[in-house]
Every structure is written in structure tokens, then in C-alpha cells.
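Counting in numbering that gives the first Met the number 0, the sequence shown runs from 0 upward without gaps.
Idealized CB from N, CA, C, for every residue including glycine.
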Amino acid sequence: MTQDDPECDVIVADARWHGAVPGLAALVRRTARAAWADEDPAPVTIALDNDRTIRRLNARHRDRNKPTNVLTFDYPDGMPGGDIMIALETVRREAQAAGRPVRHHLMHLIVHGILHLRGYDHHQAGEARRMEMEEARILGRLSVPNPWKFRPGSPSGRMEDAQ
Numbered sequence: 000m001t002q003d004d005p006e007c008d009v010i011v012a013d014a015r016w017h018g019a020v021p022g023l024a025a026l027v028r029r030t031a032r033a034a035w036a037d038e039d040p041a042p043v044t045i046a047l048d049n050d051r052t053i054r055r056l057n058a059r060h061r062d063r064n065k066p067t068n069v070l071t072f073d074y075p076d077g078m079p080g081g082d083i084m085i086a087l088e089t090v091r092r093e094a095q096a097a098g099r100p101v102r103h104h105l106m107h108l109i110v111h112g113i114l115h116l117r118g119y120d121h122h123q124a125g126e127a128r129r130m131e132m133e134e135a136r137i138l139g140r141l142s143v144p145n146p147w148k149f150r151p152g153s154p155s156g157r158m159e160d161a162q
């Protein structure tokens with residue numbers, strides 16, 4: 000992806016995101032570029048929405064009638080890329096609970112979603128560890144502290160149900 004690459008569409012469906020994260024669209028695109036850095040980038044749409052919308056999608060597609068921080072949807076028929084949906088209220092709660100800036104948690108979830116599109120998963124312990132290590136490596140290049148590293152005075156930082 001280049002600076003003006005249309006491969007990363009950003010949809011801000013809930014305007015409160017603009018107040019939560021300054022320079023939102025540029026940050027999202029920069030983070031997406033970093034997450035694809037070792038691979039050929041594929042088209043991705045990142046939609047920043049709210050808990051209500053994400054709860055409905057989570058119920059429809061995963062049979063879990065609750066909001067979650069991030070949902071990732073591959074494009075059909077083996078097409079590269081996909082859609083990433085992120086819920087504002089959940090991101091704010093999780094960032095506050097972990098003692099992290101909202102922007103850092105958002106960047107982590109973008110990386111997490113793109114790694115799912117790249118084929119990473121976290122259902123087994125070994126898979127989860129590989130995915131966490133790759134997330135930490137990419138976030139480090141973006142000057143974001145390792146979200147998996149315990150910091151005294153803060154919770155463990157584990158994402159409850161990222162997918």
C-alpha cells in the first residue's frame with residue numbers, strides 16, 4: 000500500500016471515533032500498511048462503528064449476542080482481503096481497563112484483524128502465541144508498546160474475545 004493507495008477503505012460509521020482518536024483515518028491506514036508490510040497488501044475495508052452494530056453482527060455471524068472489540072470477515076470465494084469491524088465502546092472500555100491509550104488499542108485491533116486476513120488464528124495455544132508475537136512485532140515498528148506484556152499496575156491486557 001502506498002500513501003494514497005485505495006486498497007484500505009476507512010468507514011467511520013460512528014462519528015464519536017473522531018473525538019476518541021485524533022487523525023483517525025491516517026492512523027488507520029498507516030497501521031494497515033504496517034500489518035501488510037511483509038505480504039502483498041490485499042483490499043481491506045475497516046469500519047469503525049459502535050457496540051450496538053457489532054453486537055448485531057456478532058449475533059448473526061458468530062451466535063454470540065454481545066458486542067466484541069473486532070470482527071474480521073474474509074471476502075468470499077478465496078478473494079484476497081476482507082472487512083474489519085471495530086466497536087468504539089468496547090475499545091474504550093478495554094483500553095481503560097488495560098491502562099492504554101485508545102489509539103494504541105485501536106492500532107492493535109487493526110493489526111489483529113489484518114493478521115486474521117493473512118491466515119493467522121488463535122484457537123490453539125501455539126497459534127495464539129505466534130499471532131501475539133507477530134502483533135507485538137508489527138506494533139513495535141509503529142512505536143506501540145507490546146500489548147501482551149504485563150505492566151505492573153495494569154491488568155494482563157488479554158483481549159477477551161477478539162476475532
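Under the Cβ criterion (8 Å, minimum of three pairs), the stretch 72-84 counts as touching the stretch 37-45.
Residue pairing for ASP8: DSSP places it in a beta bridge opposite THR44. Annotation: ASN64 to GLY139 spans about 34 Å, alpha carbon to alpha carbon. With fewer than 16 other beta carbons inside 10 angstroms of its own, MET78 counts as exposed. By a beta-carbon distance limit of 8 Å, MET130 does not contact HIS122. Their separation comes to about 10 Å.
MET106 and VAL27 have their C-alpha atoms some 7 Å from each other. When the Cα atoms are used, ARG59 and LEU70 turn out to be separated by approximately 12 Å. The DSSP-derived three-state label of THR71 is strand.
The closest CA to that of MET84, considering only GLU134, ARG32, ARG29 and LEU56, is found on LEU56. The secondary-structure analysis by DSSP pairs ASP76 with nothing; it has no beta-bridge partner. Approximately 17 Å separates the beta-carbon atoms of VAL90 and LEU114; this is outside 8 Å, ruling out the contact. The three-state reading of DSSP puts ALA86 in strand, counting E and B together. For GLY98, the secondary structure class from DSSP, reduced to helix, strand or coil, is coil.
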